[in-house]
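Worksheet: the structure to be examined is printed underneath.
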Amino acid sequence: MRKLLIFITLFSWIKINAQDVQLFSQFGGRLDFTMFGNTMNLQENGFSSICQINTSSSAELTLLPEDEIKSAYLYWAGSGGGDFQVKLNDSIVNATRIFRDTLETRNLNFFSAFADVTEHVLQTGNGNYTLSELDVSDVIADYCPNATNFAGWSILVIYKNDDLELNQINVYDGLQHVPDELNITLDNLNVIDNVGAKIGFLAWEGDRGLSVNESLFVNGNLISNPPLNPGNNAFNGTNSFTGESDLYNMDMDFYDIQNNISAGDTSATVQLTSGQDFVMINTVVTKLNSQLPDATVTIDNVTPLDCSAKIAQLNFTVKNENSTELLPANTSIKIYANSTLLETLQTTEDILIDEFESFETIVTIPTDLLPDFTLTIIVDEENAVLEINDDNNSDSIEISYPEPPNTIELQNLETCNLGFEKGNFNFSETLQFLEENYPPEIEFTFYPSEEDLLAETNAINPIIDYTNNSNPQTIFVKTQDVNTNCYVVNSFEIQTTNCPPTIFNIFSANEDGLNDQFEITGLQNIYTDYQIFIYNRYGKLVFEGNNNKPLWRGKLLNSTENVPSATYYYTLVFNDGKTETITGWVYVGR
1 MRKLLIFITL FSWIKINAQD VQLFSQFGGR LDFTMFGNTM NLQENGFSSI
51 CQINTSSSAE LTLLPEDEIK SAYLYWAGSG GGDFQVKLND SIVNATRIFR
101 DTLETRNLNF FSAFADVTEH VLQTGNGNYT LSELDVSDVI ADYCPNATNF
151 AGWSILVIYK NDDLELNQIN VYDGLQHVPD ELNITLDNLN VIDNVGAKIG
201 FLAWEGDRGL SVNESLFVNG NLISNPPLNP GNNAFNGTNS FTGESDLYNM
251 DMDFYDIQNN ISAGDTSATV QLTSGQDFVM INTVVTKLNS QLPDATVTID
301 NVTPLDCSAK IAQLNFTVKN ENSTELLPAN TSIKIYANST LLETLQTTED
351 ILIDEFESFE TIVTIPTDLL PDFTLTIIVD EENAVLEIND DNNSDSIEIS
401 YPEPPNTIEL QNLETCNLGF EKGNFNFSET LQFLEENYPP EIEFTFYPSE
451 EDLLAETNAI NPIIDYTNNS NPQTIFVKTQ DVNTNCYVVN SFEIQTTNCP
501 PTIFNIFSAN EDGLNDQFEI TGLQNIYTDY QIFIYNRYGK LVFEGNNNKP
551 LWRGKLLNST ENVPSATYYY TLVFNDGKTE TITGWVYVGR
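Going by UniProt numbering, the sequence shown opens with residue 1, and the numbers climb by one from there.
What follows is the structure in structure tokens.
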């Protein structure tokens, strides 16, 4: 990539300490910049000048009606250690950044201060601005003898106008002045063409009367703005924005550099030398045509997933429409509920011109914000990506988060053990109870496990008999509002119990396939440890059985011989620790 080289020649023998001028902020869009401000000096300082200085001065801001202020930066500077609280139109302004410089050969200090006054300028708009209580009068007696007494102020205004080209505005600041030669590197440039390109300077302590080799070069070409800024006296107390030439010991100047840069330039080197004049550079501003993305975001859908846990699914789209450059991957995305940050994401890939990327994420809403809050998504909140328009990077939606249905206590169900602890259950009455205790918009789905409920698998038809798969078993009922999808989980327990067996006291052991055995229903595979003993009328044991043997078919013990038709007597022992032994009789017929 080509580099833009800017040369400013201001020869000097003075040794200094300073803070390097470097990139402070960037702006992108249909933008331009201007400066306004004023000196506190009564006249240009010099050996024959009076050693007095004002503490206030005024200047006018004049923008077009269609100009929209984006940012306003106040700089003030002067001789001495510094005055860091001033007033702007009677409003107190405190410095948020401070720059210092020292003329070591004379042990003289200089300062510059910064404050962001965007809100103040937005409220005031066009009109008169007065900066006051900038007082360096107590120190200038040490500076007047070598003509370095000064003070002044300037406001840099970045503004938008839809009729402008797409531009990149870079603001560089610090506090440096010239030794034998001063080099300042301006980086982070992105030039696509040179139409309307310009560079602006805020400088302090320049003198009209000192003009020894004080020049500005861009790529080896002498740059000037005569008669205001001649080629051999670039910093001479002038204001290029108004055409004034009595801005004593400060300069607010800009130069057209359209014919001195090329598409593809990514950096600039400002070089200053001086043969006599003492000049401090405070701020450099560049305006260059640039290709820029334009990030926007649209909230597509917000779906409550679990109202009890306050969880919602959020679907949204990040777009790069009406842009001239791709939106880079890893551009930040922040999701807020009111002012509470819920989640930070990033774009996963470059979003090309007029393309988009869709997102789906799960967020948890803090309980103290419910039920009503504003959900906001902001792309590139930190303005890390230079854009055409950084005022359209967010989307908001008012949310009334639904409350889930209430839970209610359901009655547990019990049925007879049909064997191996299995039983048949019908949930019709449970369903009826639910329908009677919830409004019509609530629907109910029964599941055999919580895992099935969450996965919405193996739903149970509540009006058809259901056989349990464990004993006891919990049945889960998804109780869901069909309008909001919010749900709670009700549950109840089903369990089988060993019911008393039914004993039939007559059978015909003739092997005709009908009633051929001593039938006791509800016994086998239910009372699994039972024993039964059957005796004839003489007390002789004729049969001994348990869960592992077939029922008695009227045979003698350990024999295939039939017992005679008669009445026999049994003892049924359950061996379960709670069911009492049953004794009775049974008649065997042939």
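Quick reminder that beta carbons are idealized off the backbone N, C-alpha and C, glycines included. These numbers come from a predicted model, not from an experiment.
Applying the criterion that 16 or more other CB atoms from any shown protein chain within 10 Å of the CB defines a buried residue, is residue 272 buried or exposed? Its Cβ being crowded by 16 or more others within 10 Å, residue 272 is buried.
Note down the Cα distance separating residue 239 from residue 134, rounded to an integer number of angstroms. Computed Cα separation, rounded: 21 Å.
Three-state secondary structure assigned by DSSP to residue 411: In the structure shown, residue 411 adopts coil according to DSSP, grouped into three states.
Taking 7 Å as the limit between beta carbons, can you name the residues of its chain near residue 422, skipping five residues before and five after? Cβ within range, chain order: 467, 468, 496.
Residue 492 lies in the beta strand (DSSP E); which residues open and close that run? It spans 487–497 - the beta strand (DSSP E) in which residue 492 sits, taken as one unbroken run.
Which word fits residue 287, buried or exposed, when buried means at least 16 other C-beta atoms lie within 10 angstroms of its C-beta? Flag for residue 287 reads buried.
Report the three-state DSSP secondary structure of residue 11 (helix, strand or coil). Only weak support exists for where residue 11 lies, its pLDDT of 30 falling under 50; the value from the coordinates is given anyway. Here DSSP, grouped into helix, strand and coil, assigns residue 11 to strand.
Go through its chain and collect everything with a Cβ distance to residue 428's Cβ below 7 Å, but skip five positions before and after it. Apart from the 5 residues on each side of it in sequence, residue 428 sits with its Cβ closer than 7 Å to the Cβ of 462, 463 in its chain, given in chain order.
Can you grab the Cα-Cα spacing for the pair residue 583 / residue 575, in whole Å? In a straight line, the C-alpha of residue 583 is about 14 Å away from that of residue 575.
Under DSSP, the alpha helix (DSSP H) around residue 514 begins and ends at which residues? Taken as a continuous stretch (DSSP letters only), residue 514 belongs to no alpha helix (DSSP H), as it is neither H nor E.
Can you confirm whether the segment 520–530 touches the segment 475–482 when touching is taken to mean that 3 or more C-beta pairs between the two stretches lie within less than 8 Å? The segment 475–482 makes no contact with the segment 520–530: fewer than 3 CB pairs, one atom from each, lie closer than 8 Å.
Determine the extent of the beta strand (DSSP E) in which residue 346 is found, giving its start and end residues. Note, residue 346: beta strand (DSSP E), 340–346.
Assigned exposure category for residue 376 - 16 Cβ within 10 Å defines buried: Buried: at least 16 other Cβ atoms inside 10 Å.
If you scan the segment 11–59 from start to end, which runs of the beta strand (DSSP E) of 3 or more residues do you find wholly inside it? 19–29, 31–39, all fully within the segment 11–59.
Going by the CB atoms, is the gap between residue 46 and residue 151 shorter than 8 Å? Against a cut-off of 8 Å, the Cβ pair of residue 46 and residue 151 comes out as no contact.
Starting from residue 309, follow the beta strand (DSSP E) in both directions and report where the run begins and ends. No beta strand (DSSP E) holds residue 309; DSSP gives it neither H nor E.
DSSP beta-bridge partners of residue 170: 26, 286, per the DSSP bridge assignment.
Just the Cα atoms here: how many angstroms apart are residue 162 and residue 30? Spanning the two alpha carbons is a distance of roughly 6 Å.
Close-in-space but distant-in-sequence residues of the same chain around residue 580 (CB under 6 Å, 5 per side omitted): Cβ neighbours of residue 580 beyond the five flanking positions: none.
Based on DSSP bridge pairs, tell me the residues matched to residue 120. Its beta-bridge partners do not exist; DSSP assigns none.
Name the two residues that bound the continuous beta strand (DSSP E) containing residue 473. Where residue 473 is concerned, the enclosing beta strand (DSSP E) starts and stops at 473–481.
Residue 333 to residue 378 span [Cα, whole Å]: Rounded to whole angstroms, residue 333 to residue 378 spans 6 Å at the Cα level.
With C-beta atoms as the reference, is residue 36 less than 8 Å away from residue 171? One thing to note: residue 36 has its Cβ no nearer than 8 Å to the Cβ of residue 171.
Can you check which of these residues, 71, 545, 441, 487, is closest to residue 34 by C-alpha distance? Nearest Cα to residue 34 within the set 71, 545, 441, 487: 71.
On the three-state DSSP scale, how would you describe residue 430? Annotated three-state conformation of residue 430 is helix, per DSSP.
Could you give the C-beta distance for residue 207 and residue 243, rounded to a whole number, given that I count them as a contact under 8 Å? Between residue 243 and residue 207 the Cβ distance is about 19 Å, and since that is not below 8 Å, they are no contact.
Ends of the alpha helix (DSSP H) at residue 451? Per DSSP, the continuous alpha helix (DSSP H) segment holding residue 451 begins and ends at 450–455.
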